[in-house]
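In my numbering, the protein residues as written are 247 to 384.
Structure follows, in structure tokens:
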């Protein structure tokens with residue numbers, strides 16, 4: 247008998263046995279499991295939350311050095327940046343598929359920015375993006 251057939255028979259037999267157990271028998275079966283022991287001495291680190299808050303703060307200080315931002319305002323700005331990033335990424339992916347390409351390049355990102363942002367804002371974004379790419383590559 248092959249191992250796949252043996253495994254299937256074992257699983258179906260186990261399901262048959264568990265379906266015939268009454269409610270009290272099932273609960274006692276579940277209660278038999280030993281609880282997991284916590285490792286003493288080591289504290290778990292809190293989960294890291296990614297955000298753009300440090301970058302938003304740096305840009306704010308460049309533009310308005312004497313102005314601050316509240317926690318709620320920072321949350322709104324973080325959500326805004328995530329939303330714009332998602333929109334540009336999905337549009338760039340769509341453009342890549344339309345052109346039957348497999349690689350998403352800076353050209354698709356640039357076109358997506360031109361499509362997403364209106365007029366003068368798109369021009370400034372494209373020029374800043376081009377400047378950042380040339381700085382990165384050199």
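Think of the CB as a built atom: it goes at the ideal place given N, C-alpha and C, for glycine as much as any other residue.
Indicate whether residue 362 and residue 327 have their beta-carbon atoms separated by less than 8 Å.
No; because the gap between Cβ atoms is not below 8 Å, this pair is not in contact.
Have a look at residue 301 and residue 359 and give me their C-alpha separation to the nearest angstrom.
20 Å
List the endpoints of the continuous alpha helix (DSSP H) containing residue 329.
That run of the alpha helix (DSSP H) goes 317-344.
Spell out a yes or no on whether the stretch 346-356 and the stretch 364-379 are touching, meaning 3 or more CB-CB pairs, one atom from each, closer than 8 Å.
Because the criterion of three Cβ pairs below 8 Å is met, the stretch 346-356 and the stretch 364-379 touch.
Close-in-space but distant-in-sequence residues of the same chain around residue 371 (CB under 7 Å, 5 per side omitted)
Once the five neighbours on either side are set aside, the close Cβ partners of residue 371 are 359, 363.
Check whether residue 303 and residue 324 have beta carbons under 8 Å apart:
no
Does the distance from the C-beta atom of residue 352 to that of residue 379 stay below 8 Å?
yes
For residue 382, which residues of its own chain have a beta-carbon under 6 Å away from its beta-carbon, when the five flanking residues on both sides are left out?
none
Roughly how many angstroms lie between the CA atoms of residue 313 and residue 321, to the nearest whole one?
17 Å
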